[in-house]
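**Student:** Mind looking over this structure? Questions follow.
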DNA sequence: GCCGTCAATACGTTCG
DNA sequence: CGAACGTATTGACGGC
């Protein structure tokens, strides 16, 4: 049995991991020696390599499993009591799950044998693990969307206030604007704040106001020219 | 395989 | 301090 320090990962498991993987400090690595080979026909054969390292199923770190699956006697098969996996079994399953969230039947069988579990236990463990990962991710997504929604709501509120302020400022604007306002030419939708298209009647009013303004401006420029000369 | 659910267990909190 | 209760985690199952 390799100790934790010298544990060399030889986890192939058909997951693209090959050879020696250096162990980082304080990092657990799966100590499985499962190598799956893909035949030319695409059939997967399992090669259990170096199974000797798998004899330590004692829960070293104060485990609390009531009864290890290995210890289930035939009489216990009717026992419905839920079995607690050892820390080592759980850790190995977790490590493999990180690499691959689904296993094919051959991989499951190999892993089950490696961990001294039943094929069904490995299968169920992965099913549960996938479901709970998905659940957590959904929760994370929900929180993210909730924050996005709050942010957009605040932004919307801010823009509405800004629009109100701009409208308030425009009340005391230039005479031309007042005239235009009186002519009801610049209608702004109260709900969306969008500028509404003026009617034909109002278009005529706009033209009239603009003409008057131009005339006043020309008169003013003309008077200033006379005064300056 | 996924989903919903149940049930066993661990762990935290409250209360007398 | 220990019983009672609530909650979270997780192994297992059946239905689809």
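Numbering (the working numbering), first residue to last: 49 to 277.
Virtual Cβ for every residue (Gly too), placed ideally from N, Cα, C.
1) Could you tell me if residue 169 is buried or exposed, where buried requires 16 or more neighbouring beta carbons within 10 angstroms of its beta carbon?
2) Can you list, in chain order, the residues of its chain whose CB lies under 6 Å from that of residue 137, leaving out five sequence neighbours each side?
3) Among the candidates 191, 176, 183, 190, whose CA atom is the shortest distance from the CA of residue 145?
4) Determine whether the beta carbon atoms of residue 150 and residue 174 lie at a separation below 8 Å.
5) By DSSP, does residue 152 sit in helix, in strand, or in coil?
6) For the candidate residues 148, 210, 218, 135, whose alpha-carbon lies nearest to that of residue 181?
7) Buried or exposed, going by whether 16 or more other CB atoms sit within 10 Å of the CB of residue 155?
8) Does the Cβ-Cβ distance between residue 160 and residue 166 come in under 8 Å?
9) Would you tell me roughly how many angstroms separate the C-alpha atoms of residue 207 and residue 194, rounded to the nearest one?
10) Could you have a look at residue 166 and say whether DSSP puts it in helix, strand or coil?
11) Looking at the unbroken alpha helix (DSSP H) that takes in residue 147, where does it start and where does it end?
12) Work out the CA separation of residue 172 and residue 131 for me, nearest whole Å.
**Tutor:** Let me lay it out:
1) buried
2) 163
3) 176
4) yes
5) coil
6) 148
7) buried
8) yes
9) 20 Å
10) coil
11) 135 to 147
12) 13 Å
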